[in-house]
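Chains as they are written, first to last, in this note's numbering: chain A, 7 to 485; chain B, 7 to 485; chain C, 7 to 485; chain D, -7 to 104; chain E, -7 to 104; chain F, -7 to 104. We treat Cβ as the ideally placed atom computed from N, Cα and C, and that holds for glycine. Nothing here was measured: the structure is a model prediction, and the numbers come from that model.
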Amino acid sequence: MRGKLKMTTFAKYMCGVVAALFLVALFHTGSAFAEDATQAAAAQSAQMTEFQVAQAEEPKAEEPLAEAGEGAEPEATLDTGDTAWMIVATAIVLMMSIPGLALFYGGLVRKKGVLAVLMQVFTIVCLMTLLWYAVGYSLASTDGGALNAYIGGFDKVFLAGVGADTLSGTIPESVFFTFQLTFAAITPALIVGAFADRMKFSAVCIFMCLWLIVVYVPVWHWVWGGGFLSEDGVLDFAGGTVVHINAGVAALVACIFLGKRVGYPTENMAPHNLVLSVIGASMLWVGWFGFNAGSALGANGAAGMAMLATQVATAAAALSWMFVEWIVHKKPSVLGIISGAIAGLVAITPACGFVDGWGALWIGIAAGVLCFFCSTSIKRALGYDDSLDVWGIHGVGGIVGAILTGVFAVEAIGGTAGLLEGNPGQVLTQIWGIVATIVWCAIATFVILIITNILVGVRVSEPVEIEGLDINLHGETVQ
Amino acid sequence: MRGKLKMTTFAKYMCGVVAALFLVALFHTGSAFAEDATQAAAAQSAQMTEFQVAQAEEPKAEEPLAEAGEGAEPEATLDTGDTAWMIVATAIVLMMSIPGLALFYGGLVRKKGVLAVLMQVFTIVCLMTLLWYAVGYSLASTDGGALNAYIGGFDKVFLAGVGADTLSGTIPESVFFTFQLTFAAITPALIVGAFADRMKFSAVCIFMCLWLIVVYVPVWHWVWGGGFLSEDGVLDFAGGTVVHINAGVAALVACIFLGKRVGYPTENMAPHNLVLSVIGASMLWVGWFGFNAGSALGANGAAGMAMLATQVATAAAALSWMFVEWIVHKKPSVLGIISGAIAGLVAITPACGFVDGWGALWIGIAAGVLCFFCSTSIKRALGYDDSLDVWGIHGVGGIVGAILTGVFAVEAIGGTAGLLEGNPGQVLTQIWGIVATIVWCAIATFVILIITNILVGVRVSEPVEIEGLDINLHGETVQ
Amino acid sequence: MRGKLKMTTFAKYMCGVVAALFLVALFHTGSAFAEDATQAAAAQSAQMTEFQVAQAEEPKAEEPLAEAGEGAEPEATLDTGDTAWMIVATAIVLMMSIPGLALFYGGLVRKKGVLAVLMQVFTIVCLMTLLWYAVGYSLASTDGGALNAYIGGFDKVFLAGVGADTLSGTIPESVFFTFQLTFAAITPALIVGAFADRMKFSAVCIFMCLWLIVVYVPVWHWVWGGGFLSEDGVLDFAGGTVVHINAGVAALVACIFLGKRVGYPTENMAPHNLVLSVIGASMLWVGWFGFNAGSALGANGAAGMAMLATQVATAAAALSWMFVEWIVHKKPSVLGIISGAIAGLVAITPACGFVDGWGALWIGIAAGVLCFFCSTSIKRALGYDDSLDVWGIHGVGGIVGAILTGVFAVEAIGGTAGLLEGNPGQVLTQIWGIVATIVWCAIATFVILIITNILVGVRVSEPVEIEGLDINLHGETVQ
Amino acid sequence: MKLVMAIIKPFKLDEVRQALTELGLQGMTVTEVKGYGRQKGHTEIYRGAEYAVNFLPKIKIEVVVPATVVENAVDAIVAAAKTGQIGDGKIFVVPVEQTVRIRTGETNDSAL
Amino acid sequence: MKLVMAIIKPFKLDEVRQALTELGLQGMTVTEVKGYGRQKGHTEIYRGAEYAVNFLPKIKIEVVVPATVVENAVDAIVAAAKTGQIGDGKIFVVPVEQTVRIRTGETNDSAL
Amino acid sequence: MKLVMAIIKPFKLDEVRQALTELGLQGMTVTEVKGYGRQKGHTEIYRGAEYAVNFLPKIKIEVVVPATVVENAVDAIVAAAKTGQIGDGKIFVVPVEQTVRIRTGETNDSAL
Ligand SMILES: Nc1ncnc2c1ncn2[C@@H]1O[C@H](COP(=O)(O)OP(=O)(O)O)[C@@H](O)[C@H]1O
Ligand SMILES: Nc1ncnc2c1ncn2[C@@H]1O[C@H](COP(=O)(O)OP(=O)(O)O)[C@@H](O)[C@H]1O
Ligand SMILES: Nc1ncnc2c1ncn2[C@@H]1O[C@H](COP(=O)(O)OP(=O)(O)O)[C@@H](O)[C@H]1O
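This is the structure:
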């Protein structure tokens, strides 16, 4: 009865939402702005948003400033500096998932569920690695032929044709592949925070595998692989849309689908060990340099600016969350400041290659304040149980960042002007990217959950939930 | 009564100390050695100590050995290898603060105060980020005009004029800025160990902001920004003076100002979880490669030697502390060996660009033994309560390192000869740098504490202290 | 009586084993295959296996693909990109030991012994640093004259003659030295898992120092320093033989020598805190990129492929262990998946520069399944108490990896063909490398244990063991 | 006065607390304990070895009540803590001779 | 003999231990417990939700004393543990019928 | 019925449990406690300061037994827990007036 959820009411609710979202989407696609306002921006930024496919035909001088360090070679050669940075960026983005995210989440749940969370994150990293290697990378990054606006092709299944000397821009393709692999690993892992303490482990495995292929890979292709959103000029430097909005929406749908934890919201479910969460949040911050500055795909001025923007925005968001909380709840909390930091990191992700320190500062402040309210009073008012606020931080933070990228983009930094430099169309373009992602992600996630529920049932039984997932699903506990 | 401390006796005591220090300082400034003995050294090393302003006019060949890898370009261009290393160095120095230092300290306090320590370190990192961005970097690194011997100017407030293609030597200035930001973040954070478990959170925030501007930034400018200490030829490769002596002195003043913890020294205040401290110490060690080798500002032979010296000195200090403790206290302890490692890291910091492995070995041994005695018997004899021995490790270790840099400096490595190579004046120069820093830091810290005490009161009430800062100040506990 | 073990029976047992192994070894050395089958392979791979001595006379173009990024300079110059990567690789390999391995092991023991494990790992890192600096590096990497097939010489004792501008290939020798230092630190540290919770701290110190010089250094020289195994064409990219088989064999010998823990196997000795182990395992994974990709000694295509292979093999091994455990024991456990990940990392270590993703996938799967059975049912059947399964994971994993390197080696990747590309001799060559290492390591470890036991006694008294090493040997506990 | 000492399953604590509060009992003391009983622990598998875990986590509630309330208190606990499954726990009643409220020095029933 | 069982505020432990030692009592046993009483816990705020924390950390001291010393022991504890603030805790006295010192087999008063 | 309450050295728990099981006792409750007694704690050295650690880890076993079995139970515990070294611990016997098995509502001896 619990294992396999009945979903009559929920299904109706979802159908309504989905329909509404579709209408919005249709409106946007069909509306004039897509052709007019965004055109200029699109032209400018298309080459930016496709930077990950830089291994393509013509050796375009990716970022203007990159030239300083690289010269304008007639043909692509390996740059050891760029390669050095990208290998390291890969390593530290992996560190973001394990142990970073695993600890951040693990510390926030109750003691009886900490190992289950760690297990889920660790397993997801392993599963996504093999899936990305087998088929994900190919579907995301190669040319999809007739379907290229929506999805790539099968040319590089199991990395066919990629050898030690295959380059992607100035770095080995093996490095680009592994770098992107770490993104594909962390995105699904982010979702587990939403249904912590109540989802079956087998269901997590199945859900995540389906989700990677059906949601993450297409959206990656739309934004970075030459799909329709990159054609439309949507800016997403390091994954505000692909990673965070995607994960946030999936999290929201999943936590509503699964229902609240037993005892929510009257029982005390405060974090059992914030020390773990602080370690995790700190590693996320450090690793995010790899995420954001690494998305420049080289050791150059763009990477430097991305790092700078990341640092400023994160600090601003952490402090703004902390101070707002201090005012509203009378005490500044560890949970608050680290949540704010993550919110800032999320929000600056799409923006970090396009804005300067000043823009980063405001994006950070906005993210800290807005995510605070979305994860506290607004969440409480709406009544869903997103255990670790994946939606409130990644979803909302991602949206705030995506929109403000359109506001604060500086032409001298990333090649595209934003609202403040007189290009209001970019904001609409950004919203279009957000809506498209939300619609697809919400629908597909919902369907995947239904399938998973039919296959193995998504939710553990009540006694298992009350006694804890650690001992029941994995036979282990923390002393 | 406790919130705002009375300080009659203490003030008198401090005034005496301050006067004495001033005399010493005057003596040194006026004394002949400053003109004679150090002249040769100064000439040689001026360009070394100013290396951070390498973005300046003339493209000087920073470190001799760097040429091998870089060639002597007619004008500065971005080097992707140097940039790659410096981005990573920045990331791992950030990791030193969060989670490194936060955990190192967090494990050493009692369980009721671990979150408060983490909160302080995390908050300081955020606050210093914004301050450094707003004004700190400019005041530290730019030309201060008439006041240039003492402080920089306002040219780069909010990074005015720094774009994605602005270089600093062979790396983007954005990278140099962020790298130095991480130094500005960790230095104040080091101080919190001194008054752990008893300072108000609001007071910590205020104190640290003032301290960065009034103490850290000027001393940075003196030593690295073309101020008077760099003119005098003081050698400080990675921050023995700027970072560690500064933090150590501030810690000593602060812990005396605040008074002892309730129950000290009869109550058991042993570290509650040395596992956390070992994680922290290890991350500090790893991150310190970024700190020390990163201070070469490039991926070159100087960085390599700095890394080597760091590794050897740290191991030597860790073992020497451990063996001395084994002899004196009969048991080698985890606390001992990690304290020794930190002492070694501190002591090699000023030296690592100037000494070889052999010098590093002796600096490490000296630091381990001396910091051991200063943090144990001598501290006990003097009776102050520096909770986590910030003075005993960072202050003493910094001084040991700064002096021994003058002893072991090898001309072939860093361009300056030390005592052992027949340049005794360098030792006096080093002492002069130490004294100047101590005097300024002690006075200014004292004044800032008085101001903070007037504004919000520095110390929590006794019941709050006894029940713990975690629950009282932040409303959270570790289960 | 316990302190100094009687070893009559054990000694007899060991002598038998040793004799048997000798016979095997003699057979192999004398047998024809050494001359025939391996010749081709040896010729090809000699330059690969000696890559670490690239500072040697002629500037050979190490890896074919490295040329792309480096050009074919007439004489070796420093490459900042290679240097940047190798400095970072060094830092993250250090992170593998502390805190990585320390935490991985610390979480697996009972609470009363966690600090002792951390202490041992930390101390070993410090001791090995000084030993490697003093004499280890020289004996391993320099020419040993007449004895060169077996051991190096004393030319670089205390790094004599190595300055800031001394190069080793395209990186400073100081960097190569420190990189290799981190290998020399982690290898002995791996062994402590075998005798966790029962060996004297003083005995650990003495044993490890002797072991480094007598076992690790010679085998390093055989495989990477121009010794007889490199002459024979044994492939070991990053240390499957030198590091893992070596540590695994020593662990097995040591745990048999010391005897079982009190209470084994009836008492519950389950891991006290798998959160620590997950942090540790994750850091090992991340740091292993430095270990494996770093063994390319540059930021090039070889490094990229090594990273890719490492990622794929690790994920495959983690999942294969998890699924086998899920089937056999009904529950997938955190301990299982992280053990599998380490097994995969171990197995891909010798292979990562020679195989492609496909080979890595199979090596990972094989390692996960085989190590699972060796660490569970087979271990139980044999009855020895290898507390943390150092043999079951590092020994077995290393052997699996070394053999499969000979199977899956791809000529286009690492210059040597394996069984699948029609070179069956390589498998025999690999087995020969394994046998030689096992024989030497087992005998020498046994002798060192006897010596240590005579000097200080290897095992703590029963009350100390029962109450725990933390409080008794180090006077500290975790609250 | 009597000390009512109940060993219950951990997740029943909140219900028991409520039941007692409804009886007007305003104080109790709770300890985390490990219980050994008919309910056998699970077996844990660790690297191939199987260990029986004999001791299970339980909660001990100690509440001192006036003699007149004992019956009700015991009944309330039974009602709230019962799942009908093995391992539900025990209630023991022990005589108490004297009670003091530290804050006020009040004694016996008025100190409860 | 009587078992004097005192629930006190954690930070008073050391003073109470001293007071008892001064009475010549050379042994006691201490447990970390959670107390529910008139003293209400704080409310915790976590991501916008407010939970009342009902159980507060307390220390339980158990000391078995000869019947003649009970009065003094109780008084000493009250004196040492009192802050006058709500939540100071309770003392309960329970009869003990037999005592054995495991090491020597001594029984009753001489075993204390 | 009697409550036999034994304070023992932690590493003796398993032997004591076995001894009691052999007597046919099928239930007991165990608590981690800290003991203060003749056995003095070690002194801990921490950054040069020396603190006496007064409280040592002990295990408290509570087992309620029919009055007739008390003698055997006490003897069994003494036999199993004794090392002859200071700090072996104490056994206290306290009267129990009523016992209830929550699962079934059985009372007294049949509830044990
Ligand atoms: N004789 C006893 N003395 C003390 N505690 C007991 C006794 N018998 C049972 N218990 C406690 O009660 C708990 C439940 O007992 P158990 O026999 O498992 O199930 P049930 O209560 O359903 O018969 C045990 O875990 C133990 O803590
Ligand atoms: N009837 C009782 N039985 C057992 N323990 C009690 C009882 N009443 C109070 N306590 C314990 O005493 C502690 C203090 O009681 P409380 O009512 O908060 O304050 P006060 O002792 O000042 O009246 C409680 O936290 C609880 O642990
Ligand atoms: N009077 C007492 N009341 C309660 N517990 C006691 C008493 N005396 C001793 N204990 C407990 O017994 C333990 C052992 O006592 P101790 O005096 O150290 O050694 P021994 O039992 O050998 O005389 C103490 O640590 C304490 O927990």
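Hey, how far is the Cα of residue i from the Cα of residue j?
| i | j | result |
| --- | --- | --- |
| C/L303 | C/M92 | 6 Å |
| A/P85 | A/T176 | Correcting the residue type first, residue 85 of chain A is Asp in the shown sequence and not Pro. Each residue's Cα considered, the two are about 5 Å apart. |
| F/A65 | C/E482 | 36 Å |
| C/V406 | C/I369 | 8 Å |
| A/A202 | A/I130 | 14 Å |
| C/A200 | C/L258 | 7 Å |
| A/E64 | A/G231 | Any reading at A/E64 must be qualified, since the residue scores a pLDDT of 37, below 50, and its modelled position is unreliable; the value itself is stated next. Spanning the two alpha carbons is a distance of roughly 16 Å. |
| C/T247 | C/T443 | 7 Å |
| C/V127 | C/R116 | 16 Å |
| E/K106 | E/N46 | Residue 106 of chain E is absent from the structure shown; chain E starts at -7 and stops at 104. |
So is residue i buried or exposed if we call it buried at 16+ other beta carbons inside 10 Å?
| i | result |
| --- | --- |
| A/F182 | buried |
| C/L153 | exposed |
| F/K82 | buried |
| D/A51 | A quick correction: the sequence has Ile, not Ala, at residue 51 of chain D. Looking at its Cβ environment, which holds 16 or more other Cβ atoms inside 10 Å, D/I51 is buried. |
| F/E63 | exposed |
| C/L388 | exposed |
When you compare each of the options to residue i by their alpha carbons, which one comes out closest?
| i | options | result |
| --- | --- | --- |
| C/T435 | C/V413, C/V163, C/L216 | C/V413 |
| A/W327 | A/I399, A/S208, A/G151, A/V223 | A/I399 |
| B/G151 | B/Y270, B/T83, B/D161 | B/D161 |
| A/L195 | A/L218, A/R204, A/I454, A/V268 | Checking the sequence shown, residue 195 of chain A turns out to be Ala, not Leu. Nearest of A/L218, A/R204, A/I454, A/V268 to A/A195, Cα basis: A/L218. |
| B/A260 | B/A166, B/Y143, B/Q485, B/M205 | B/M205 |
| A/I500 | A/L133, A/A418, A/L282, A/I419 | Lying before the first or after the last residue shown, residue 500 of chain A is absent from chain A, which here runs from 7 to 485. |
| C/I354 | C/G401, C/L109, C/T382 | C/G401 |
| C/I440 | C/A253, C/G169, C/L107 | C/A253 |
| E/T75 | E/F3, E/Q10, E/M(-7), E/R39 | E/F3 |
Query raised in the report: Curious, which full-length alpha helix (DSSP H) runs of at least 4 residues does the segment 174 to 246 of chain B contain?
Result: Within the segment 174 to 246 of chain B, the complete alpha helix (DSSP H) segments at least 4 residues long are 179 to 197, 207 to 217, 223 to 230, 234 to 237, listed from N- to C-terminus.
Report task. Decide if the segment 277 to 287 of chain A is in contact with the segment 420 to 428 of chain A; the criterion is three or more beta carbon pairs, one per stretch, under 8 Å apart. Result -> The segment 277 to 287 of chain A, when compared against the segment 420 to 428 of chain A, does not touch it at the 8 Å Cβ threshold.
Query raised in the report: Quick check: the segment 22 to 40 of chain D against the segment 22 to 42 of chain F, are there 3 or more CB pairs under 8 Å?
Result: They touch, by the three-pair rule.
Report task. Please confirm if the segment 380 to 397 of chain A is in contact with the segment 448 to 467 of chain A, defined as three or more CB-CB distances below 8 Å between the two stretches. Result -> The way I'd put it, the segment 380 to 397 of chain A doesn't touch the segment 448 to 467 of chain A; fewer than three beta-carbon pairs between them come closer than 8 Å.
Query raised in the report: Which runs of the alpha helix (DSSP H), 4 residues or longer, sit entirely within the segment 305 to 336 of chain C?
Result: 307 to 335, all fully within the segment 305 to 336 of chain C.
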